[in-house]
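*Asks:* Questions regarding the structure given below will be posed in turn.
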Amino acid sequence: MGNVSVTRDSLQKIKASLKDFQTSVETSTSHMKSHAEDVVTSMRTSVKKQEAVVRTLKDKATQLTSSVEQCQMQIIDNNNRINTLRGQIENASSRMCNLRTQKQQLQSQSSSSDSSNDTSAQIQTIESQIQSCERQQHQLREQLTSLKNQESSLNTQNAKLRNDKARLDTALA
């Protein structure tokens, strides 16, 4: 093996190189640490934003659930009112049929009887009642049409709310 001669000057150069290397490592480490801290801070901020979005979505899901329930209750109430109106229309039709029958009976009695003034007054009263029933029936049919239009609108709104809620539930899952 050969002699290795190390001079003081060579040792100083090696020491200086090691010092430069150590400084470079420390600078790189410091830079990497700073970068890592920036990434962590950014990730924490992103997580907080995502948590806020999730809270908002959960609030919206709760609101949609409430809206769906309210809409469903309106539909049920509307259906009950429709059924009530149908019953009232049937009652008015039945009453008109009875009144027409009474009118025909009175007209038949009138032709065979001498009390035509009394019968004529009764017939006019019945005709007035029939007209009143017809007006009532017309109003009830208009209300029924309006309620059916509302029901259609409510069903459309309910379907949209349910669809929105399903999409939101899917997004939250």
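Counting from 1 along the sequence shown, just add 572 to a position and that's the residue number in this note's numbering. All C-beta atoms, glycine included, are put in the ideal place defined by N, C-alpha and C.
For Glu699 versus Lys675, is the C-beta distance shorter than 9 Å?
*Replies:* Result yes, Cβ atoms of Glu699 and Lys675 sit closer than 9 Å.
*Asks:* In whole angstroms, what separates the C-alpha of Arg658 from that of Thr697?
*Replies:* Roughly 26 Å separates the two Cα atoms.
*Asks:* Quick check on the burial criterion: 16 or more other C-beta atoms within 10 angstroms. Buried or exposed for Ala731?
*Replies:* That one is exposed.
*Asks:* Roughly how many angstroms lie between the CA atoms of Arg627 and Val640, to the nearest whole one?
*Replies:* About 20 Å.
*Asks:* Skipping 5 residues on each side, what residues in its chain have a beta carbon closer than 8 Å to that of Asn727?
*Replies:* Cβ within range, chain order: Ile647.
*Asks:* Looking at the structure shown, is Thr579 part of a helix, part of a strand, or coil, going by DSSP?
*Replies:* DSSP places Thr579 in coil when its eight states are reduced to three.
*Asks:* Indicate whether Leu733 and Ile702 have their beta-carbon atoms separated by less than 9 Å.
*Replies:* No; because the gap between Cβ atoms is not below 9 Å, this pair is not in contact.
*Asks:* With DSSP as the reference, label Ala745 as helix, strand or coil.
*Replies:* Correct three-state label for Ala745: coil.
*Asks:* Whether or not the segment 628-636 and the segment 649-668 are in contact is what I'm after, with contact meaning three or more pairs of Cβ atoms, one per stretch, closer than 8 Å; do they touch?
*Replies:* No, the segment 649-668 does not touch the segment 628-636.
*Asks:* Tell me the DSSP secondary structure of Met573 in three-state form.
*Replies:* At Met573 the pLDDT is 47, less than 50, meaning the model places this residue with poor confidence; the figure from the coordinates comes in the next sentence. In the structure shown, Met573 sits in coil (DSSP, three-state: anything other than H, G, I, E or B).
*Asks:* Using only the alpha-carbon positions, how far apart do Ser692 and Thr673 sit?
*Replies:* Computed Cα separation, rounded: 15 Å.
*Asks:* What residues in its chain sit with their C-beta under 8 Å from that of Ile746, if we drop five residues either side in the sequence?
*Replies:* Nothing about residue 746 can be reported from this structure: the residues present for the chain run from 573 to 745 only.
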